[in-house]
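First up is the structure itself, then whatever we jot down about it.
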Amino acid sequence: MAATRRWIFLSCCIAQNRTFEIDYLGNTFVKDGKAFRYVSGSIHYMRVPKEYWRDRLEKMYAAGLDAIQFYIPWNYHEPEIGQYNFEGQRDFVQFIKLAQEVGLLVLIRAGPYICGEWEFGGFPAWLLRENPKMVLRKMDPTYIKYVDTWMDKLLPMLTPLMYENGGPILMVQIENEYGSYFACDHDYMAHLFIKARQILGPRSIIYTTDGDLQSNFQCGPTPGAYATTDFGIENEYGSFYTCDHDYMAHLRDKAREHLGPRALLYTTDGSGDGFLKCGTVPGAYVTVDFGNSFNPQKSFQPQRDYEPFGPLVNSEFYPGWLDHWGYPHSTVNLDVFSKALDLLLDYGANVNMYMFEGGTNFGFWNGANYAPYQAVPTSYDYDAPLTEAGDITDKYIAIRQVISKYKQLPSMPIPKNTTKTAYGKVEMSFMATVQDALQTLCPKGPIKSQYPLTMEAIGQWQGFVLYRHTLLGDTPSEPKTLDLSGVRDRAYLMINQVPQGIFDRNGQKTMNLTLKVNETIDILVENMGHIGFGSEMNNNSKGLISNVTFGGSILTGWSIFPLTVENFKPSSLSGIYRDKPFRNGNLTTPSFYVGKLHVPKEPSDTFLDMSAWGKGQNLIMSSSMINVGRYWPYVGPQVRLYVPKPFLAPSPTINYIIMFELEQAPCDTADKCTVEFVDQALINATPHKPNFEREETKFSRKRISV
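With the sequence shown counted from 1, adding 1 to any position gets you the working numbering.
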């Protein structure tokens with residue numbers, strides 16, 4: 002070999018001498034001709050109010066991070082087929098430009114699948130309506146048609162922001178942990194790679210990320226994309242286990258189509274061959290993900306099996322972990338994580354901390370996992386270095402100290418935490434039952450059907466649907482069994498508006514009742530979040546997914562009301578119907594309660610304590626209606642909802658606090674019918690079982706520490 006050192010590059014960018022490349026023989030990235038290693042952190046623009054984007058980004062920069070990493074959820078931007086929204090809170094282009102202004106580089110995880118404990122893993126629920134037999138994340142013709150249309154819209158928005166074009170984007174991930182998915186369609190991964198290359202350019206660096214088991218790497222990587230582990234073309238595709246390599250190749254090609262041949266594409270999968278077998282695709286650099294590791298060489302070995310040369314990358318290094326309703330709040334020990342981070346950086350690895358700022362699943366945007374069904378709370382705090390409200394933690398300080406051993410920190414001081422204010426108690430008043438408000442919640446009226454229809458079949462992607470049936474003909478005088486085996490996810494049964502019981506996909510699905518002719522059966526069904534991980538994403542319909550039987554006979558003739566709770570107007574229903582809801586034992590009819598909060602001066606962040614309430618949805622209306630999110634304090638571990646400053650208005654504007662309480666309002670007396678705004682979060686309360694017997698947990702998306 003000649004004495005002159007040979008360089009082998011997978012290049013991404015060249016504009017005015019701006020380049021970002023892979024030096025395979027040097028096992029490093031090269032930025033503008035110099036060896037480069039990044040320390041990054043995940044933050045999701047959709048989980049942080051736009052008004053606080055700069056605050057969070059500046060705190061991440063002050064911690065010593067070089068870059069941020071984030072997903073772009075398809076369903077957040079195309080809520081209906083062909084109807085796109087990139088404005089305001091959804092303006093990720095502005096978010097990227099703001100990151101560059103602050104001094105941060107960007108790693109994009111473009112999907113189409115993202116996971117991230119986000120509603121349906123980022124997929125729009127209308128896919129389930131278009132073809133109920135569609136197989137997601139494979140070369141299914143219907144699925145690929147919509148994927149390509151979305152990618153043709155999304156990827157050109159990223160092209161001018163690539164590093165070679167003067168922007169901050171270093172790399173674009175195709176799919177996500179595909180090696181963890183049962184399909185393992187290599188053609189799909191290759192398709193994503195080509196699409197990214199076409200748009201981002203031939204020198205763009207594309208990578209994959211998969212879990213840190215050998216099995217993950219069988220599906221996750223794809224030729225041409227650099228393979229990394231998570232100790233971004235799809236996300237952890239190697240965890241989806243029948244290996245459709247055509248799918249990954251298709252996504253690669255789509256990325257290339259728009260991003261161009263120079264864009265650096267990558268994949269992300271668990272650090273193990275079982276994940277990487279399906280998760281990788283030629284032409285996208287393979288990266289991996291794993292948790293606390295005190296043996297970096299062992300943890301990165303699966304990546305090395307697929308990428309013998311090139312930089313080591315952990316695309317999801319976990320300083321915390323996710324929560325589920327009814328389970329203890331997850332934490333990661335500060336000292337253990339700091340030591341593991343130190344070892345990775347000392348080993349020369351590129352590291353992205355997932356999450357660095359977790360944020361909030363506002364509205365109905367939380368996802369869910371399966372085996373059994375487990376919904377994610379409104380808080381996505383993740384025990385991250387920055388709290389849900391963006392506050393500095395001891396973990397943040399410790400991470401900053403570790404990073405300072407390997408690079409010079411910015412000279413700027415650490416930004417201060419935002420002010421938190423305890424506004425005190427707000428008196429709440431009963432306003433209307435869900436039946437009273439039907440005309441407001443469903444202004445177009447019900448959909449008539451012989452049999453129950455799923456939420457997706459009637460175009461209701463999130464929230465609630467009320468199913469109504471009136472008993473006709475002969476009815477038995479003795480109790481018979483009402484069977485709601487097809488409930489997804491949680492249902493509230495009412496007879497003539499009087500609550501009878503709660504049905505749940507994980508628990509009770511039948512009830513013995515004596516019903517009379519002409520009695521009205523109302524079944525209010527809550528979609529608690531589409532499953533966003535694993536094969537059950539293909540069995541993800543909501544509402545009533547099968548017939549309802551009474552005494553073994555199928556009930557026919559249904560009126561189905563898709564409800565928009567954001568339509569509720571506090572002033573329009575006051576005192577029209579009744580002064581209190583119907584009650585049966587501890588249960589109250591699902592109803593709306595309203596209170597008024599006056600903020601005397603400039604608002605501050607605050608937390609809404611829901612400890613006295615049952616389960617439901619909180620909304621705040623001042624100048625506009627804001628769906629804050631779900632509450633379920635008894636089940637926990639989250640008890641208080643984060644209410645950021647931008648959601649409130651100062652006097653004389655009234656902030657209407659609206660509770661859509663589903664189960665048990667504490668309003669027997671006026672002094673108990675209150676909520677309270679406090680100045681501290683509470684997301685780690687002792688959890689309890691819901692109103693059903695919980696099955697043994699089998700959910701398999703676990704932190705991998707090796």
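For every residue, glycine included, the Cβ atom is placed at its ideal position computed from N, Cα and C.
In this text, all values refer to a predicted model and were calculated from it rather than measured experimentally.
Endpoints, beta strand (DSSP E) assigned at residue i
i	result
D245	D245 to M249
D395	First-last for D395: D395 to S405, but that is the alpha helix (DSSP H), not the beta strand (DSSP E).
G630	M626 to Y632
N513	T511 to L514
I503	V499 to D505
I448	I448 to S450
R491	R491 to I496
D290	G284 to D290
Y189	Per DSSP, Y189 belongs to no beta strand (DSSP E); it is in the alpha helix (DSSP H), H187 to L201.
F93	That residue, F93, is in no beta strand (DSSP E); its alpha helix (DSSP H) goes F93 to V103.
Y594	S592 to L598
G180	E176 to Y182
Beta carbon of residue i nearer than 8 Å to that of residue j
i	j	result
A385	D606	no
T332	D270	no
M622	P571	yes
M538	L137	yes
L128	Y39	no
H192	D254	yes
P1	P224	Residue 1 falls outside the range modelled here, since the chain spans only 2 to 707, and no answer is possible.
T388	D382	yes
M61	P113	no
E178	G280	yes
K543	D484	no
I115	V173	no
L171	I206	yes
V636	P563	no
K196	R257	yes
N353	S43	yes
P647	E52	yes
I524	A492	yes
L252	I175	yes
M626	E567	yes
E428	T675	yes
I404	G65	yes
Q451	G552	no
L159	Y208	no
8 Å contact criterion, which residue i and residue j should meet: CB distance rounded
i	j	result
L335	A399	6 Å
M660	N619	6 Å
F301	V287	Not confirmed; about 11 Å, so no contact.
A369	G530	4 Å
M190	M249	1 Å
P591	L663	5 Å
E118	G533	6 Å
Closer than 8 Å to chain D by CB, residue i
i	result
Y53	Of the chains in the structure shown, none is chain D; there is only one protein chain.
Paired residues, beta bridge with residue i - DSSP
i	result
G530	G530 pairs with nothing; no bridge assigned.
Q618	R631 and F661
E81	Q84
M163	I170
P563	V466
Q70	S43 and L108
V488	L545
G425	F678
R584	T589
I555	T550
F608	Y643 and V679
L483	M512 and F551
D211	D270
N236	N177
K255	K196
Limits of the unbroken alpha helix (DSSP H) element including residue i
i	result
P142	P142 to L159
E131	W127 to E131
F276	D274 to G280
L439	L439 to L442
L58	W54 to A63
Check: residue i C-beta below 7 Å from any heavy atom of the ligand SAH
i	result
Q451	The ligand content of the structure shown is nil, which means the ligand SAH is not present either.
_Just to confirm the assignment: which complete beta strand (DSSP E) runs, minimum length 3, are found wholly within the stretch 307-380?_
DSSP runs (the beta strand (DSSP E)) wholly in the stretch 307-380: 314-318 and 351-358.
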